[in-house]
Amino acid sequence: MSIVLMTGGTGFIGSFILKNLFSDESISEIVIITRDCEIAKNTLLKKNINCDKHIFIELNFKKILKLDNRDLKQILSCDKVYHIAACISLSNSPKIIDINFNGTKFILDLFISSGVKLDKFVFFSTAYAFGIRETSVQENWILEKPRRFRNTYEESKFLCEKLIYEYHKKYNLNYLIIRPSVVISKKYNSKSRPQTIFLFGYYLKQYDCVDLYCSINPVLNIVSVEKLVKVFELVEKNNICNKIINVVGENVPISVITNSYEKSFNVKVNLKKCSRGESIDSNINSSMPYLLHPQREWEISFLNDNNLNENDLDVSSILLEYFKDE
């Protein structure tokens with residue numbers, strides 16, 4: 013029986029992963045780092061997740077304080093770490109890098125400085141950690157910093173991957189890095205707002221008509237959270253270690269997504285072609301930065317998500333449900 017440590021367990025992706033871990037009979041306890049223990053417990057109970065198997069430790073990565081000895085001992089008793097917590101934003105605030113990078117480093121340093129050897133450090137990155145590039149994305153280390161990122165969230169994930177690489181080489185850290193693309197759920201979920209398409213919808217609903225600048229034949233790579241969990245199950249079942257895994261789906265035409273926005277908000281979305289290098293000063297476009305640069309191909313060693321159809325991607329009913337009280 014093992015004890016595992018998890019961050020981000022009450023978030024959108026984390027709650028799905030937590031359900032999966034909870035059903036794993038080889039895990040005796042799940043230690044969850046959270047900003048507020050009571051809120052975390054209530055959130056999990058609402059999702060029908062029994063908290064008997066969980067131990068909660070309160071810690072805010074935005075302001076990391078010294079852990080008391082009891083909490084530290086509990087953390088260091090863990091065999092594996094599932095690090096999902098992150099500040100998700102498409103803005104360009106330097107704080108995003110500080111929070112995401114320093115939070116990751118804090119956890120790694122706890123184990124390294126205490127001489128505790130982890131069975132595996134599982135890190136959830138992003139398929140866009142490579143920034144803007146011309147070549148396909150392989151399932152290996154990004155050793156050279158990309159010339160440009162779309163936002164600081166991407167950059168923060170790149171820096172975290174680089175840190176894990178350094179600790180793997182220096183301390184023989186066992187790792188697994190999972191890189192999902194834009195993750196959506198097919199069902200309405202109270203944690204939907206961090207999803208890219210909902211963030212974008214929040215901006216669009218404020219207008220009657222929107223000009224959306226994009227590259228030629230704009231697409232968005234989308235993967236369902238259900239498929240992400242399935243890949244996670246596979247890699248855990250096969251005890252995959254010291255590997256990077258891209259979890260991506262199809263490159264979906266943006267028109268499929270914008271049609272959902274138009275039906276939900278009665279807004280007209282005009283797709284306008286933008287040549288490479290042309291400067292676009294638009295708050296709307298900055299909220300959906302993946303339209304101005306053509307999508308690249310990803311190497312995939314596990315399941316892809318090519319069974320999504322237009323009904324799966326028609327999120328109009330979910331958008332209406334989510335924004336009905338605003």
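Sequential numbering of the sequence shown, starting at 13, is according to the working numbering.
Note that the Cβ used here is the ideal one computed from N, Cα and C, for glycine as well.
Restricting attention to Asn152, Ala139 and Thr147, the CA atom closest to the CA of tyrosine 165 is found in Ala139.
For threonine 22, there is no enclosing beta strand (DSSP E), as DSSP marks it with neither H nor E. For lysine 157, the three-state secondary structure derived from DSSP is coil.
In the structure shown, threonine 55 falls within a helical segment according to DSSP collapsed to helix, strand and coil. By the 16-neighbour rule on beta-carbons within 10 angstroms, threonine 147 is exposed.
A straight-line Cα-Cα distance of about 36 Å links glycine 127 and valine 195.
Rounded to whole angstroms, the separation of the alpha carbons of isoleucine 257 and methionine 13 is 26 Å. Beyond the five residues adjoining it in sequence on each side, valine 134 comes within less than 6 Å, by CB distance, of Tyr94 and Leu188 in the same chain, given in chain order.
Of the residues Asp48, Ile190, Ser168 and Leu175, the one whose Cα lies closest to the Cα of valine 259 is Ile190. Secondary structure at glutamate 146: coil, using DSSP grouped into helix, strand and coil.
Secondary structure at lysine 129: coil, using DSSP grouped into helix, strand and coil. Leaving aside the five residues that flank isoleucine 29 on each side, the residues in its chain whose CB is nearer than 7 Å to its CB run, in chain order, Tyr94, Ile96, Val241 and Phe244. Between the beta-carbon of asparagine 186 and that of lysine 132 there is about 5 Å, and that keeps the pair under the 8 Å contact cut.
Nearest Cα to asparagine 263 within the set Leu283, Glu309, Asn254 and Tyr225: Glu309.
For glutamate 178, the enclosing alpha helix (DSSP H) has its first and last residue at 164 to 183. In terms of Cβ geometry, isoleucine 69 and isoleucine 44 form a close pair [threshold 9 Å]. Isoleucine 252 has its alpha-carbon roughly 20 Å from the corresponding atom of valine 149.
Of all C-beta pairs linking the region 215 to 232 to the region 164 to 182, fewer than three are shorter than 8 Å, placing the two stretches out of contact. Nearest Cα to phenylalanine 142 within the set Glu167, Phe118, Glu311 and Leu122: Glu167. Per the C-alpha coordinates, the member of Arg162, Asn163 and Leu175 positioned closest to isoleucine 154 is Leu175. If you compare the alpha carbons of Ile15, Ser27, Gly21 and Met18 with that of serine 197, the shortest gap goes to Ser27. Taking C-alpha positions only, valine 268 is separated from valine 279 by approximately 14 Å. Comparing C-alpha distances from arginine 162 to each of Leu33, Tyr215, Ser101 and Lys217 shows the shortest one belongs to Ser101. With a cutoff of 9 Å on beta-carbon distance, glutamate 248 and aspartate 36 are scored as near each other. Rounded to the nearest whole angstrom, the CA to CA distance from cysteine 221 to isoleucine 266 is 16 Å. By the Cβ-count criterion, leucine 120 is buried, with 16 or more other Cβ atoms from all chains shown falling within 10 Å of its own Cβ.
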